[in-house]
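**Student:** In full-length UniProt numbering, the protein residues as written are 1 to 461. No residue lacks a Cβ here, since even glycine has one placed at the ideal position from N, Cα and C.
#1: Count the other C-beta atoms from every protein chain shown that fall within 10 angstroms of the C-beta of residue 402, then say buried if there are 16 or more, exposed otherwise.
#2: Does DSSP put residue 36 in a helix, in a strand, or in coil?
#3: How about residue 55 and residue 8: do their beta carbons lie closer than 8 Å?
#4: Considering only their Cβ atoms, is the gap separating residue 148 from residue 282 smaller than 8 Å?
#5: Can the beta-carbon of residue 354 be found less than 8 Å from the beta-carbon of residue 253?
#6: Starting from the C-beta of residue 348, find all residues in its chain whose C-beta is less than 6 Å away, skip the five residues before and the five after it, and write them out in chain order.
#7: To the nearest angstrom, how far is the alpha carbon of residue 516 from that of residue 157?
#8: Hey, could you find the ends of the beta strand (DSSP E) residue 418 is sitting in?
#9: Between the stretch 11-24 and the stretch 285-296, can you find at least three pairs of beta-carbon atoms closer than 8 Å?
#10: Identify the residues that DSSP records as bridge partners of residue 90: which are they?
#11: Could you compute how far the alpha carbon of residue 233 sits from the alpha carbon of residue 38?
#12: Within the same chain, show all residues whose beta-carbon is closer than 6 Å to that of residue 169, passing over the 5 residues directly before and after it, in chain order.
#13: What does DSSP give as the partner residues of residue 292 in its beta bridges?
#14: Measuring straight from C-alpha to C-alpha, what distance separates residue 383 and residue 360?
#15: Please check the pair residue 176 and residue 258, which I expect to be a contact at CB under 8 Å, by giving their CB distance rounded to whole angstroms.
#16: Using alpha carbons as the reference points, say which of 396, 193, 379 lies closest to residue 371.
#17: In angstroms, rounded to a whole number, what distance separates the CA positions of residue 172 and residue 162?
#18: On a Cα-Cα basis, can you pick out the residue from 434, 415, 438 that is closest to residue 427?
#19: How many angstroms separate the CA atom of residue 365 from the CA atom of residue 374?
#20: Apart from the five residues just before and just after residue 324, which ones in its own chain have a Cβ nearer than 7 Å to its Cβ?
#21: For the candidate residues 460, 405, 440, whose alpha-carbon lies nearest to that of residue 129?
#22: Which ranges would you report for the alpha helix (DSSP H) in the stretch 152-228 if only whole runs of at least 4 residues count?
#23: Spatial neighbours of residue 313 within its chain, please: C-beta separation below 6 Å, excluding the five flanking residues on both sides.
#24: So residue 230 and residue 209 are supposed to be a Cβ contact under 8 Å. How far apart are they, rounded?
#25: Which two residues bound the contiguous alpha helix (DSSP H) that contains residue 103?
#26: Taking the alpha helix (DSSP H) that residue 371 belongs to, which residues open and close that run?
#27: Quick one: is residue 340 buried, meaning 16 or more other Cβ sit within 10 Å of its Cβ, or exposed?
#28: Can you tell me which of 288, 220, 181, 223 puts its alpha carbon nearest to the alpha carbon of residue 410?
#29: Verify whether the separation of the beta carbon atoms of residue 58 and residue 160 is less than 8 Å.
#30: Kindly identify the DSSP beta-bridge partner or partners of residue 287.
#31: In three-state terms, what does DSSP make of residue 118?
#32: Give the straight-line distance between the Cα atoms of residue 87 and residue 331, rounded to the nearest whole angstrom.
#33: Mind checking which residues open and close the beta strand (DSSP E) that includes residue 338?
#34: Could you tell me the distance, in whole angstroms, from the CA atom of residue 265 to the CA atom of residue 64?
#35: Could you give the residue range of the beta strand (DSSP E) that holds residue 360?
#36: In angstroms, rounded to a whole number, what distance separates the CA positions of residue 77 and residue 151?
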């Protein structure tokens, strides 16, 4: 990205929901280790080039500890003889504030189901999805590198766009356009052919190039990629990513509600797609919280059912397993068994003759779902079905996590912008605006207008 073409800002999204759980476990073992260390390694490789070309760097790699991440980047800068201005943003991590927030009436109900939260003290991470205005403030203060904790994926793109174009907080359409552009490039090569149903029609898929977004003052953008890189930028690849993780056409965010049902795509040249006419509305008065805890331990094991009598073999294996197991099914928090029919009617190879009996057990007690399950499966080897062998699994249980999304009023979660070894600024997260009337999209196309139709796999759409 920094060597093969001109860019103004290098952005990076390191944080999935699972990542926060992983970082929390890492931080428990190493108190200053709750950030994405791979970001620091990459900065060592590209920092000199970025400084030489005046490329800003914006990343959420700070994870649970943006301050330590910023310190680590500063150490790398000193190592390579550079002195960039580094800013980090805090405020998203509300784990230590949970008792105070609970006492003030925040209920942390599940945002999708309304279910009341249980054992709230057992959560090991709780982070609010913040918006772009802390990033804007950091850039206004002269930061070359901005490291955040949990912000929305699009915020690392929306922030520098709002800073560069000097947008106001109520420039809804421009902000919505930047959010859409950020959404398109947030997963990197998914916009250039990765995770694309028609990948067989795309050249260079063994090494796809990363996308970039050229964002205009009105919020419209051109999505492209550097020349000579694999993959493609087409209406198809951009549409595929636009629909990724989208529920309602009104895409809620901390800075703006982007109306995905208003945007238009145009292929303006090879590997260049224009996104325009995105409309925006004021954001909701709440922010999303991502909470994680360790749910316990699990073991997954599979037994091959080879050849004939698959149903009978599965029945015998399950009966024999529970007779061998020192625990009853009801002793576990969760037990799931199923038969996966991967076998074929007239197999030409051994693999084509094999179905699977699969068991997954979960429990807070690691001892119950570790060696005990492995030993019980092993006992079946010479005593039950012909042609049996194990696939995967092992003697050790693995921890699993539970993710819990909730909501919190945005005015309770300000952003703290800190220039490393410098000043600290508070940026309010609450953004208010008058309702906006947006013309609804045109009538849906009638299925009769498609002409002749045929039944086909969904993946062909």
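**Tutor:** On the basis of the supplied data:
#1: Around the beta-carbon of residue 402, fewer than 16 other beta-carbon atoms lie within 10 Å, marking it exposed.
#2: Residue state, collapsed to three classes: coil.
#3: A contact, by the Cβ cut-off of 8 Å.
#4: No, they are not a contact pair.
#5: Contact: no.
#6: Excluding sequence neighbours, residue 348 sits near nothing in its chain.
#7: In the structure as shown, the chain starts at 1 and stops at 461, and residue 516 therefore has no counterpart that could be examined.
#8: Residue 418: member of the beta strand (DSSP E) spanning 415-419, first to last residue.
#9: Verdict: yes, contact present.
#10: Per DSSP, the beta bridge partners of residue 90 are 416.
#11: Spanning the two alpha carbons is a distance of roughly 27 Å.
#12: Same-chain partners within the cutoff: 431.
#13: Answer is 125, 403, bridged to residue 292.
#14: In this structure, the CA atom of residue 383 is about 22 Å from the CA atom of residue 360.
#15: Confirmed, about 4 Å.
#16: Nearest Cα to residue 371 within the set 396, 193, 379: 396.
#17: Near 11 Å, if we compare the C-alpha coordinates of residue 162 and residue 172.
#18: Each of 434, 415, 438 was checked against the Cα of residue 427, and the nearest Cα belongs to 415.
#19: Each residue's Cα considered, the two are about 15 Å apart.
#20: Close CB contacts of residue 324 within its chain, under the 7 Å cut and outside five residues either way in sequence, are with 376, 379, 380 (chain order).
#21: Of the listed residues, the one whose Cα sits closest to residue 129 is 405.
#22: Counting whole runs of 4 or more residues, the stretch 152-228 contains the alpha helix (DSSP H) stretches 155-165, 172-185.
#23: Cβ within range, chain order: 305, 385.
#24: Residue 230 to residue 209, Cβ: 6 Å. Contact.
#25: Segment 98-103, the alpha helix (DSSP H) holding residue 103.
#26: Taken as a continuous stretch (DSSP letters only), the alpha helix (DSSP H) holding residue 371 covers 371-378.
#27: It counts as exposed.
#28: The candidate whose alpha carbon is nearest that of residue 410 is 288.
#29: The answer is yes: Cβ separation under 8 Å.
#30: Under DSSP, residue 287 forms a beta bridge with 408.
#31: The three-state secondary structure of residue 118, taken from DSSP, is coil.
#32: A direct Cα-Cα distance of roughly 51 Å separates residue 87 from residue 331.
#33: Counting along the chain, the beta strand (DSSP E) containing residue 338 begins and ends at 334-340.
#34: Between residue 265 and residue 64, the C-alpha separation is close to 37 Å.
#35: Residue 360 -> beta strand (DSSP E) spans 354-363.
#36: Cα to Cα, the separation comes out at about 25 Å.
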